[in-house]
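Asker: Sharing a structure, written as structure tokens. Questions coming.
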Amino acid sequence: MLQLLATTSTPLSPVKMRPAAAAMATKSEYRRMEAEEEEELDKEEWARRAEAQRRRRRSGGRYVFTCALFASLNAILLGYDVGVMSGAIIYIQKDLHITEFQEEILVGCLSVVSLLGSLSGGRTSDAIGRKWTMALGAIVFQAGAAIMTFAPSFTVLMIGRLLAGVGIGFGAMVSAVYIAEISPAAARGTLTSLPEICINLGILLGYVSNYAFSGLSEHINWRIMLGVGILPSVFIGFALFVIPESPRWLMMEKRVPEARAVLLQISESEAEVEERIAEIEEAANLLKSTKSEDKAVWMELLNPSPAVRRMLYAGCGIQMFQQITGIDATVYYSPTIFRDAGIKSDQELLAATVAVGFTKTVFILVAIFLIDKVGRKPLLYVSTIGMTMCLFVLGIALTLQKHAMGLISPRIGIDLAVFAVCGNVAFFSIGMGPICWVLSSEIFPLRLRAQASALGQVGGRVSSGLVSMSFLSMARIISVAGMFFVFAVISTVSVAFVYFCVPETKGKTLEQIEMMFEGGKEWRGSEIELEDTQHLIQSSKKSVSLG
84 MLQLLATTST
94 PLSPVKMRPA
104 AAAMATKSEY
114 RRMEAEEEEE
124 LDKEEWARRA
134 EAQRRRRRSG
144 GRYVFTCALF
154 ASLNAILLGY
164 DVGVMSGAII
174 YIQKDLHITE
184 FQEEILVGCL
194 SVVSLLGSLS
204 GGRTSDAIGR
214 KWTMALGAIV
224 FQAGAAIMTF
234 APSFTVLMIG
244 RLLAGVGIGF
254 GAMVSAVYIA
264 EISPAAARGT
274 LTSLPEICIN
284 LGILLGYVSN
294 YAFSGLSEHI
304 NWRIMLGVGI
314 LPSVFIGFAL
324 FVIPESPRWL
334 MMEKRVPEAR
344 AVLLQISESE
354 AEVEERIAEI
364 EEAANLLKST
374 KSEDKAVWME
384 LLNPSPAVRR
394 MLYAGCGIQM
404 FQQITGIDAT
414 VYYSPTIFRD
424 AGIKSDQELL
434 AATVAVGFTK
444 TVFILVAIFL
454 IDKVGRKPLL
464 YVSTIGMTMC
474 LFVLGIALTL
484 QKHAMGLISP
494 RIGIDLAVFA
504 VCGNVAFFSI
514 GMGPICWVLS
524 SEIFPLRLRA
534 QASALGQVGG
544 RVSSGLVSMS
554 FLSMARIISV
564 AGMFFVFAVI
574 STVSVAFVYF
584 CVPETKGKTL
594 EQIEMMFEGG
604 KEWRGSEIEL
614 EDTQHLIQSS
624 KKSVSLG
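At position 126 of the sequence shown the residue is numbered 209 (my numbering), and the sequence of numbers has no breaks.
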């Protein structure tokens with residue numbers, strides 16, 4: 084019995100266990116291979132999704148850039164008019180025998196009249212859309228440019244000038260708003276600066292046109308100079324077949340499917356589209372009614388809340404300081420400045436203005452690469468401080484040429500004046516030029532954006548007109564050098580304005596910027612608080628998705 088139990092309790096031999104162990108090992112190997120295959124498939128799937136998202140991002144980025152570029156063509160009209168008039172006025176004086184006072188009115192009236200286009204452009208763009216308001220501005224400008232080209236007298240020339248000014252006001256206001264409304268937050272600064280690039284390009288083309296046609300008859304050359312300005316507005320007509328309507332305007336009109344279709348073209352993913360739609364709906368008060376729905380826009384601007392008042396200080400103030408520091412006087416009257424510095428011939432004067440236009444255009448391109456990397460406020464500091472220094476140097480150079488001829492040679496005085504003017508426009512183009520457009524189009528809430536941007540344009544255009552229409556008269560009283568000392572003092576004040584009144588808006592959506600102004604705290608503190616809030620929101624979204 085014991086022997087039998089011992090026999091039955093003997094363990095199975097290794098030979099008998101080998102098939103079972105092999106089967107288990109095979110199953111384990113299959114599981115491991117299946118897991119590796121699933122992991123590889125997951126990696127491939129993620130790689131495909133990432134590549135699709137990259138392609139969509141590149142495609143959307145190119146499309147947004149194309150839309151912003153076409154919308155910026157309106158700004159070429161303004162730039163070309165500013166640049167071409169600085170040289171054309173020399174030959175208009177000789178052909179139509181206009182007085183110095185008439186010259187000031189002819190040069191400066193465009194800035195004042197363009198504010199009519201800016202004011203009516205805000206309401207018009209809310210009524211018919213951003214896209215077709217740009218088209219209307221181009222048509223009005225074409226009519227004005229055609230009248231100026233064939234003007235037989237100063238009176239007819241002024242009529243054409245007034246029409247051109249209204250058209251420029253329409254386009255300049257609405258193009259910046261349109262670009263801000265289609266741009267993603269990360270690239271909005273760069274894209275909203277495109278109008279400033281086009282202004283500078285237009286100024287350069289105007290200077291080149293002056294130099295190219297200056298050798299023709301005095302009765303013909305200025306007419307061709309002004310007539311060439313019609314060409315950019317023709318391209319705007321073609322652009323209307325490419326660019327879509329602003330998605331934010333479509334949302335205001337409760338055309339949600341159309342807005343979603345546009346956002347799908349300019350966004351990285353459908354999730355981002357839904358997020359942006361939700362932000363726009365909240366900003367436009369389509370989901371929740373608020374008191375501002377029943378309040379007229381202009382009444383809200385004339386009786387602003389503390390947050391809106393801070394927005395107006397920043398938006399309108401930056402527009403005014405852009406002009407009262409004398410940039411338009413420098414561009415419009417650069418031949419007068421260089422003549423005062425010692426340059427005699429018309430050809431040399433116009434050649435010097437081409438150098439100014441080239442410098443202005445090159446440095447605006449530098450600003451475009453920096454504005455979304457460095458931020459708005461640092462560039463504004465560099466710009467305002469640099470402009471202040473150059474304006475003082477220009478005043479000193481012109482003073483030495485007039486009253487201290489023995490201290491420096493005439494050639495050095497001319498070179499110093501040209502260097503100071505080029506330096507002034509270079510520092511302007513790095514900061515005050517493009518960032519003025521960016522801030523004025525991004526800091527106002529959606530319900531106020533069009534009219535408030537137009538109001539900012541009013542301050543800028545009136546300031547530009549006053550400076551342009553009084554420069555020659557004031558220069559006769561206190562000298563050209565004295566005028567630039569005045570501009571230098573004003574530029575010094577603009578540094579303090581940037582410090583106290585202008586927030587940093589880099590990398591924030593339009594709706595987040597509105598929240599920042601609503602906070603009513605110090606800019607630095609509110610920015611940090613907003614960034615912390617963004618991180619908390621993102622963290623909560625992740626936790627919800629995980630749950």
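Beta carbons are placed, not taken as given, at the ideal position from N, Cα and C, and that holds for glycine. Treat the numbers as computed from the prediction; the structure is a model and nothing was measured.
Tell me, please, whether the segment 288-296 touches the segment 436-443 by the rule of three or more beta-carbon pairs shorter than 8 Å.
Answerer: Output reads yes: the segment 436-443 touches the segment 288-296.
Asker: Measuring alpha carbon to alpha carbon, tell me which of G298, L323, E301 ends up nearest S258.
Answerer: It is L323.
Asker: Between G200 and G248, is the Cβ-Cβ spacing less than 9 Å?
Answerer: Closer than 9 Å, so yes.
Asker: Could you spell out where the alpha helix (DSSP H) holding P493 opens and where it closes?
Answerer: 493-513 is the span of the alpha helix (DSSP H), which, as asked, contains P493.
Asker: Identify, in the order they occur along the chain, each residue of the same chain with its Cβ nearer than 8 Å to the Cβ of L246, setting aside the five sequence neighbours on each side.
Answerer: Result list for L246: V223, F224, A226, G227, I230, in chain order.
Asker: Go through its chain and collect everything with a Cβ distance to A397's Cβ below 8 Å, but skip five positions before and after it.
Answerer: Correct list, in chain order: L522, I526, C584, V585, P586.
Asker: Leaving aside the five residues before and after E301 along the sequence, list all residues of the same chain whose C-beta is less than 8 Å from its C-beta, in chain order.
Answerer: Excluding residues within five positions, the ones whose Cβ falls inside 8 Å are Y174, K177, D178.
Asker: Which same chain residues, not among the five before or five after G254, have their C-beta less than 6 Å away from its C-beta?
Answerer: Closer than 6 Å at the Cβ level, and outside the excluded window around G254, lie N157, M217, G220.
Asker: For the alpha helix (DSSP H) holding H486, just list the boundary residues, first then last.
Answerer: Taken as a continuous stretch (DSSP letters only), the alpha helix (DSSP H) holding H486 covers 459-486.
Asker: Once DSSP output is grouped into helix, strand and coil, what is the label at K456?
Answerer: Coil, per DSSP.
Asker: How about T588 and G514: are their beta carbons less than 9 Å apart?
Answerer: Not closer than 9 Å, so no.
Asker: Taking the alpha-carbon of R244 as reference, which of P267, A571, S197 has the nearest alpha-carbon?
Answerer: Minimum Cα distance to R244 is reached at S197.
Asker: I'd like the ranges of any alpha helix (DSSP H) spanning at least 4 consecutive residues and lying wholly in the segment 323-361.
Answerer: Runs of the alpha helix (DSSP H) inside the segment 323-361: 330-335, 339-349.
Asker: What whole-angstrom Cβ distance do M308 and G170 have, given they're in contact under 8 Å?
Answerer: Yes, M308 and G170 are in contact; Cβ-Cβ is about 7 Å, under 8 Å.
Asker: Looking at P517 and A412, is the spacing between their C-beta atoms short of 9 Å?
Answerer: No, Cβ-Cβ distance for A412 and P517 is not below 9 Å.
Asker: According to DSSP, is Y416 helix, strand or coil?
Answerer: DSSP places Y416 in coil when its eight states are reduced to three.
Asker: Between the alpha carbons of V501 and M566, how many angstroms are there, rounded?
Answerer: Straight-line Cα distance between these residues: approximately 16 Å.
Asker: Go through its chain and collect everything with a Cβ distance to L299's Cβ below 8 Å, but skip five positions before and after it.
Answerer: Same-chain partners within the cutoff: I307.
Asker: Would you call Y415 buried or exposed, if buried means 16 or more other Cβ atoms sit within 10 Å of its Cβ?
Answerer: Result: buried.
Asker: Is T232 helix, strand or coil when you go by DSSP?
Answerer: In this structure, T232 counts as helix in the three-state DSSP scheme.
Asker: Taking only three categories from DSSP, how would you classify R530?
Answerer: The answer is coil: DSSP assigns R530 none of H, G, I, E or B.
Asker: Please report the distance separating the alpha-carbon of G506 from that of D429.
Answerer: Each residue's alpha carbon lies about 22 Å from the other.
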